[in-house]
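One structure is given here, and the rest of the page talks about it.
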Amino acid sequence: MTFPLEGKSGNSLEQAPPDVFRSMLAQMIQAALQAEFDRFLGAGRWERSGERRGWRNGTKRRRLHTRVGTIELRVPKDREGRFQPSLFERYQRSEKAFVLALVEMYIQGVSTRKVQKVVEQLCGVLVSASQVSALTKRLDTELEAWRRRSLAGRTYPYLIVDAHQEKVRREGRVLPTAVLSVIGISEDGYREHLGVWTGHSESRESWVQVFRDLTQRGLEGVVYVVSDEHMGLVQALGLYFPEAAHQRCQVHYLRNAHAYVSTDALRSELLTGLRDVWAAPTRKEARSRVTRLIDTLRERKAPSAADWLEETVDQTLAFFVLPEAHRKRLKSTNSVEHDHAEIRRRTRVVRIFPNEASLLRLISALAVERNEKWMERRYLKRSEATRSEAELRQPA
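All residue numbers for the sequence shown refer to my numbering, where the first residue is 73 and numbers rise by one.
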C-alpha cells in the first residue's frame, strides 16, 4: 500500500516523522478490518438487521509489520470465533517482498537517497544482511511452492498471456528483464495466475520454458489463447498448443495501427473502422466490414494501412469462435496488463531491482494475492459453457 498524501504544510509526507505514517496507516487498516467484520456479521455496530449472521465479542490486539514500521491493531472477534480477517496474509506477503527489495538495495550499497530514506526512516529499524537472509528464505519457500504447484485435475480452456519489462542489476550493469505472465480461466469461469516467470528477454526460448513448465505441472485442455503478436511467443504457442485458437490482442493492435497512417483524420478513421469490425455479430460480417474499411483506406490514399490490415487483421478475429458472453473479456490481454500496472506502481519506488530473485519474489507475491481475490468472483458467466477444441476449429 502506498498513500501519496501531503501534510498540512503542503510538504510531502515523505519528510514527516515515521510516527505520522504509522498512525495514518493504522487508522486506514483498522477501518478496513472493521468494514470486513461488518460484512462478515451482516450488520454494523448497533445495527438491527435480518441478515445478521453473528454477534460481536470484543477485540484482540495484533501487530502488523509494514514498510513504515510495526503498527498495533484491534482485530474484532465474534462469539463463535469464526472471523478470520483476510487482510493480514494478503497485505503482508507483498509488503514483505516490497520491503525486502528495498532493503537488499540498501545493504548492497546500490540504493538511491530515496531508498535509503525509506529503509532507515520509514521501516523504523536498521536491518542486517543476516536478518534479510532469514526473511527472504521464509518468503521464498512459500512462493516457490506456489510456483511449482500442480495444475493437474483442473482444466483451463482459456489462457491470457503477456509480458513487460523491469530493470534489474546484474554483474554491475542495469539490464532490462522480462516479466512473463500467464492467466488461466477455468471451466467454471474463474481466473487464476498459473505462474509468473522472469527472463532476460521475451524470446522464443523464454516462452518455451514457460509453456514447458506449465505442461509439466499438468496444464491441459487449452483451446484458446489471447496474447500480443510477438514472434517468439507465437512460435512457442505453436509448439505446445498447436490446436488452440490464437487471438491477437486488440488493444496492442490498435496501438500498432498508429504507425500506418500519417494524419489524425486517417488515424481516427482507421481506429473507428477497426472497432466497428470487432463489434460485428459474426466473423462473416466482420470480414465484410474489413473489406469495406480496406477499400476506404485505399480511396483515402493510405495504401500502407490498407496492406497491413489485409495481411494481419484476421489475427484479431479468432474471438468470434467464443460464446458471445465471453468475447468482451477475451479479445485483449487487459487482465494481465492490470497486474503489470500494479507491479509498476510498486516498482516506481524500487526503480532498479537489486537482483532477479527480488523481482521474482515481488511479482509472485502479487500474483498469489490476486488469485486469492479472484477466487471470490467468477470472471466469465457460468451459464455459458466453454467450447471444445472441435467446436473452436469450426468457422463462426
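Yeah, the Cβ is synthetic: ideal placement off N, Cα and C, and Gly gets one too.
DSSP places R442 inside the alpha helix (DSSP H), whose first and last residues are 428-446. DSSP places Y228 outside both helix and strand once states are collapsed to three, so it counts as coil.
Cβ-Cβ separation between A235 and E274: approximately 5 Å, consistent with a contact (criterion under 8 Å). Secondary structure note for S253: its beta strand (DSSP E) is the uninterrupted segment 245-257.
Across the set Q387, I143, Y262, the C-alpha of Q387 shows the shortest separation from the C-alpha of V298.
A straight line joining the alpha-carbon of H318 with that of V295 spans about 9 Å.
Take V268, set aside five residues on each side of it, and the residues of its chain with a beta-carbon closer than 6 Å to its own are S253, I435, S436, A439, in chain order. When C-beta atoms of the stretch 224-242 are compared with those of the stretch 359-366, fewer than three pairs fall below 8 Å, so the two segments do not count as touching. Between K400 and E371, the alpha-carbon positions lie close to 31 Å from each other. Three or more Cβ pairs drawn from the stretch 381-398 and the stretch 335-355 lie within less than 8 Å of each other, which places the two stretches in contact. Contact annotation: L145 and L113 have beta-carbon atoms that are not nearer than 8 Å. Judged by DSSP in its simplified three-state form, H302 adopts coil rather than helix or strand. With contacts defined as CB atoms closer than 8 Å, A217 and G290 fail to qualify as a contacting pair. Per the coordinates, the alpha-carbon of K356 lies some 19 Å from the alpha-carbon of L402. For W269, the uninterrupted beta strand (DSSP E) run begins and ends at 263-271, by DSSP. As the crow flies, the alpha-carbon of S360 is around 24 Å from that of D300. Within the stretch 377-415, the complete alpha helix (DSSP H) runs of at least 4 residues fall at 396-399. One Cα belongs to Y312, the other to R133, and the distance between them is close to 51 Å. Spatial neighbours of H412 in its own chain (CB-CB distance under 8 Å, excluding positions within 5 residues in sequence) are listed in chain order as D234, H236, V251, S253.
Annotated three-state conformation of L136 is strand, per DSSP. Only residues of its own chain outside the window of five on either side were considered, and among them V240 have a CB closer than 7 Å to the CB of L247, listed in chain order.
In the DSSP assignment, Q319 falls within the unbroken beta strand (DSSP E) covering 317-320. Rounded to the nearest angstrom, the gap between the Cα atoms of T335 and L452 is 39 Å.
The alpha-carbon of E315 is positioned some 22 Å away from that of R263.
T213 sits exposed, since fewer than 16 C-beta atoms from the chains shown fall within 10 Å of its C-beta. Within the same chain, and ignoring the five residues on either side of A358 in sequence, the residues whose Cβ sits closer than 8 Å to its Cβ are V349, W350, A352, L389, F392.
Pairing N443 with R433, the inter-Cα distance amounts to about 16 Å. Per DSSP, reduced to three states, the secondary structure at F425 is strand. For G345, the enclosing alpha helix (DSSP H) starts and ends at 336-350.
Residue pairing by DSSP puts V297 in a beta bridge opposite L231, H318. Around the beta carbon of H265, a 10 Å sphere encloses 16 or more other beta carbons of the protein chains shown; the residue is thus reported as buried.
Beta-bridge analysis with DSSP links E152 to no other residue. Closest option to I143, judged by alpha-carbon separation, among S95, G153, D110: S95. Q307 has its alpha-carbon roughly 11 Å from the corresponding atom of F283. Its Cα nearest to that of P375, the residue A329 stands out among A329, T131, I415. For W279, the enclosing alpha helix (DSSP H) starts and ends at 276-288.
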